[in-house]
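2 protein chains.
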Amino acid sequence: MRQTSLRAHNLALVLRLVAASPTPISRARIAGASGLTRATVSTIVDELIAGGLVDFADESRTGVGRPSVGVTLAGTRPAGLGMEVNVDYLATCVIDLAGQVRHREVVLSDQRGRSPAAAWEALAAPAARALAAAAAQGLVVHSGAVALPGLIEDAVVHVAPNLGWHRVALPARIGDLLVDFGNEANLAAFGELHACELSSFLYVSGEIGIGAGIVVNSELFRGTRGWAGELGHVTVDPAGKPCRCGSRGCLEQYAGEDAIREAASLPDAAELVDRAKAGDEATLASLGRAGLALGVALSSTVNLLDLPAVVLGGHFAPLAEWLCPPIEAELRQRVLTARWSSPLIRPSVLGAEATVIGAARTVTQAIINDPARYLASIRP
Amino acid sequence: MRQTSLRAHNLALVLRLVAASPTPISRARIAGASGLTRATVSTIVDELIAGGLVDFADESRTGVGRPSVGVTLAGTRPAGLGMEVNVDYLATCVIDLAGQVRHREVVLSDQRGRSPAAAWEALAAPAARALAAAAAQGLVVHSGAVALPGLIEDAVVHVAPNLGWHRVALPARIGDLLVDFGNEANLAAFGELHACELSSFLYVSGEIGIGAGIVVNSELFRGTRGWAGELGHVTVDPAGKPCRCGSRGCLEQYAGEDAIREAASLPDAAELVDRAKAGDEATLASLGRAGLALGVALSSTVNLLDLPAVVLGGHFAPLAEWLCPPIEAELRQRVLTARWSSPLIRPSVLGAEATVIGAARTVTQAIINDPARYLASIRP
């Protein structure tokens with residue numbers, strides 16, 4: 001038992017060092033950083049190579065002396081499948097252990113009024129295509145993670161207001177694949193955390209609904225039950241427009257995708273960027289109003305959470321040019337610390353794909369966190 | 001070196017078990033829970049007794065068999081001095097290691113327009129009286145902690161809007177006593193955490209200003225720089241009343257002590273409870289408006305932070321009877337999770353003293369966390 005857990009510990013320790021290194025890392029440096037002997041490191045690296053988790057890479061020359069062979073995360077075998085069920089689309093993506101996106105697909109399809117069972121059924125086909133695409137590249141998808149725009153606890157969606165779901169039990173599999181579920185904004189924040197250089201930020205996920213993921217010192221802040229970050233239901237006008245959630249004046253009613261599109265009198269939100277670029281007055285007014293509402297809600301959030309940066313994701317990312325000025329004006333006025341420490345506002349690095357990439361990344365990250373468990377699971 | 005740190009570890013381990021036990025705990029049970037030998041436990045307990053940190057107490061009979069002598073935190077020697085500089089009063093208190101309040105004093109005195117230096121000078125006399133009162137009871141005050149209604153970092157107050165302080169360097173001592181500084185709402189939340197049975201809650205500190213302390217799983221959430229919890233500057237009406245912070249429509253302008261008093265046309269906030277009990281219409285209307293504003297701001301906070309409970313502290317505690325109904329109505333309407341998990345709202349257990357008790361408690365808790373360091377500091 002002790003022997004087993006020591007091996008598990010050492011596998012995880014070595015793999016973590018490989019994953020944290022931006023360039024291939026030599027076994028000698030792994031030994032130095034881990035305190036393990038070079039012989040132990042070599043044995044463990046061999047085991048990780050046999051399991052398809054790491055590879056030898058080009059020699060890493062970082063100083064004087066004899067060049068040595070470096071070890072890097074393998075992009076050749078284990079992979080994760082990310083899926084997203086959102087209000088007006090389904091998305092899938094496959095990422096390998098090295099974090100590269102190896103397959104992606106978005107299916108535009110309105111989920112409002114559809115039953116959860118119909119949504120799983122609709123997801124089965126793109127999921128199967130993703131598995132086939134992974135297999136064609138020699139990848140083996142270990143498991144899947146599905147992002148939902150709702151509050152989830154113990155395999156139950158309590159509520160996903162914009163899907164119209166209430167108390168929905170979640171399946172253990174999509175097709176034949178084992179799947180986990182998570183909140184879309186939290187998963188997007190997780191994806192962004194691994195793609196950008198910030199370690200503390202509020203990730204704002206703009207879709208039909210608006211959610212947020214709170215990252216403090218590289219950790220997701222989930223609240224006591226995992227329901228933190230419901231930015232879309234922060235009140236910006238107590239007597240304002242009614243919201244699907246039953247409240248009034250929620251941020252979503254001013255800055256959600258439908259709200260911006262309707263105020264701009266556009267039939268399709270995809271036209272927003274072009275219309276804004278063309279200087280269409282109704283579009284610019286709608287974006288100004290959305291930016292002001294976002295600025296009010298984000299100021300309250302920064303006052304409560306003390307976060308140094310806000311990342312605009314989802315449909316907010318391509319609209320950042322027009323949203324940032326009114327957001328920044330509100331932050332300057334309303335954030336108590338703005339005078340000496342103004343929060344940075346910027347668009348997401350991953351854009352609309354942050355959620356589905358973040359979902360896939362939870363699968364590969366779980367393998368990196370506990371390689372012994374993964375290796376046991378693939379043993380024939 | 002190893003020997004020294006092992007001793008420090010064992011001292012802390014034993015003292016933590018004693019502190020966590022609601023009744024006196026026997027050395028045999030300490031040995032069982034810590035994995036230390038009974039001989040080691042006896043040596044460590046003797047050392048803790050010599051340092052005045054624990055005492056033997058009445059026999060603890062918790063089962064069949066021979067009764068054994070229990071160990072409990074000592075209330076006889078080390079103590080902490082808590083101090084508070086707030087807008088219209090100064091407060092001090094002494095607590096012993098067992099958590100008992102051994103001295104308390106509140107001096108009503110308006111600090112607005114006073115210089116920080118004048119505030120330290122004004123604090124020196126009640127601090128000296130507290131030290132004398134402690135000495136008269138055989139207690140030795142180890143150090144002090146001062147609560148301020150502002151944003152503090154590295155011994156500088158960036159801003160304390162209601163004191164009118166900006167970029168104030170903090171002194172290392174008040175009189176001859178070494179002191180630390182902290183945000184008043186955070187310290188009040190820390191005090192309340194040790195006095196109530198909740199482990200996750202938002203502590204709302206109502207004074208002239210309004211602050212909050214965020215407690216998640218028995219830990220204070222401080223944000224990235226310790227500035228989290230600025231509930232008083234959450235916007236409840238974007239176009240509302242101007243606030244001292246430079247913004248508009250901040251919660252403070254509707255539910256701060258001055259705001260409630262002025263809207264009730266009272267010269268003194270101390271009359272609020274009596275007027276409300278007497279059914280005075282202007283007072284009830286003002287409390288209703290404050291409750292509504294609190295309900296809006298707290299709903300946004302719960303949506304963002306996923307906290308299961310809100311504790312009303314400071315001047316809100318005695319007003320809870322009138323504030324709770326409108327707060328609860330807003331939470332029911334505005335909190336996304338309220339339909340299946342409604343947040344608990346209740347007044348603070350410690351009331352107006354939470355802040356100064358919490359400040360004093362940081363001193364005694366630091367001793368409990370690192371007894372070896374304390375014992376080294378008192379060695380003659």
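Protein chains in written order, with full-length UniProt numbering: chain A, 1 to 380; chain B, 1 to 380. Glycine residues also receive a C-beta, built at the ideal position from the N, C-alpha and C atoms.
Endpoints, the beta strand (DSSP E) within which residue i is located
i, result
"B/L73", "68-73"
"B/L312", "309-314"
"A/P78", "78-85"
Reduced DSSP category for residue i - H, G, I as helix; E, B as strand; rest coil
i, result
"B/L148", "strand"
"B/A172", "coil"
"B/L11", "helix"
"A/R346", "strand"
"B/H194", "coil"
"A/M1", "Residue placement at A/M1 is flagged as unreliable, the pLDDT there being 43, under the threshold of 50; the coordinate-derived value follows with that caveat. Coil at A/M1, not helix or strand."
"A/G206", "strand"
"A/N162", "coil"
"B/D55", "strand"
"A/V234", "coil"
"A/P267", "coil"
"B/L139", "coil"
"A/R244", "coil"
"A/L178", "strand"
"A/A17", "Before going on, a small fix: residue 17 of chain A reads as Leu here, not Ala. Three-state DSSP puts A/L17 in a helix."
"A/R112", "coil"
"B/A366", "helix"
Extent of the continuous alpha helix (DSSP H) to which residue i belongs
i, result
"B/C324", "320-334"
"B/D258", "257-263"
"residue 397 of chain B", "There is no way to answer for residue 397 of chain B, as the model of chain B reaches only from 1 to 380."
"B/E219", "Looking at the DSSP string, B/E219 is not in any alpha helix (DSSP H); the run it does join, the beta strand (DSSP E), is 219-221."
"A/E47", "38-50"
"A/L305", "281-305"
"A/D88", "Careful: A/D88 lies outside any alpha helix (DSSP H) and carries neither H nor E."
"B/L272", "272-277"
"A/V377", "Rather than Val, the amino acid found at residue 377 of chain A in this sequence is Ser. It spans 371-378 - the alpha helix (DSSP H) in which A/S377 sits, taken as one unbroken run."
"A/A33", "27-34"
Beta-carbon neighbours of residue i, restricted to chain C and to distances below 7 Å
i, result
"B/H103", "The chain inventory of the structure shown lacks chain C, comprising the protein chains A and B."
Sheet register partners of residue i (DSSP bridge)
i, result
"B/H103", "B/V94"
"B/N183", "B/L148"
"A/A212", "A/V204"
"B/V156", "B/E153, B/A169"
Check: residue i C-beta below 6 Å from any heavy atom of the ligand GDP
i, result
"B/R339", "Of the ligands one can find in the structure shown there are none, so the ligand GDP has no counterpart to examine."
Query raised in the report: If contact means a Cβ-Cβ distance below 7 Å, which residues of the stretch 275-305 of chain B contact chain A?
Result: Those would be V296, S299, S300, T301, N303, L304, L305, in chain order.
Query raised in the report: Going along the chain, which residues of the stretch 194-213 of chain A sit with their C-beta nearer than 9 Å to a C-beta in chain B?
Result: Hits within the stretch, in order: S199, S200, A212.
Query raised in the report: For the stretch 176-188 of chain B, which residues have a CB atom closer than 9 Å to at least one CB atom of chain A, in sequence order?
Result: Taking 9 Å as the Cβ-Cβ cut-off against chain A, none of the residues of the stretch 176-188 of chain B qualify.
Query raised in the report: Mind listing which residues of the stretch 330-353 of chain A have their C-beta closer than 7 Å to chain B's C-betas, in chain order?
Result: Residues of the stretch 330-353 of chain A with a C-beta less than 7 Å from any C-beta of chain B: Q333, R334, L336, T337, W340, listed in chain order.
Query - Under 8 Å (Cβ pairs) to chain B, residues found in the stretch 228-241 of chain A - result: Result list: A228, G229, E230, L231, H233, V234, T235, V236, D237, P238.
Query raised in the report: Residues in the stretch 245-275 of chain B with C-beta within 7 Å of chain A's C-beta atoms, listed in sequence order?
Result: Hits within the stretch, in order: C245, G246, S247.
Query raised in the report: Looking at chain A, which residues of the stretch 139-171 of chain B have a Cβ within less than 9 Å of any of its Cβ atoms?
Result: In summary, the residues of the stretch 139-171 of chain B whose CB is separated from some CB of chain A by less than 9 Å are L151, H158, V159, P161, H166, R167, in the order they occur in the chain.
Query raised in the report: Of all the residues that make up the stretch 303-328 of chain B, which are near chain A by a beta-carbon distance shorter than 9 Å?
Result: Within the stretch 303-328 of chain B, those residues whose Cβ lies closer than 9 Å to any Cβ of chain A are, in chain order, N303, L304, L305, D306, L307, P308.
Query raised in the report: In the stretch 72-100 of chain A, which residues sit with their C-beta less than 9 Å from some C-beta in chain B, listed in chain order?
Result: Only those residues of the stretch 72-100 of chain A whose C-beta falls short of 9 Å from the nearest C-beta of chain B would be listed, and there are none.
Query - Members of the stretch 30-48 of chain A near chain B, C-beta cut-off 9 Å - result: Taking 9 Å as the Cβ-Cβ cut-off against chain B, none of the residues of the stretch 30-48 of chain A qualify.
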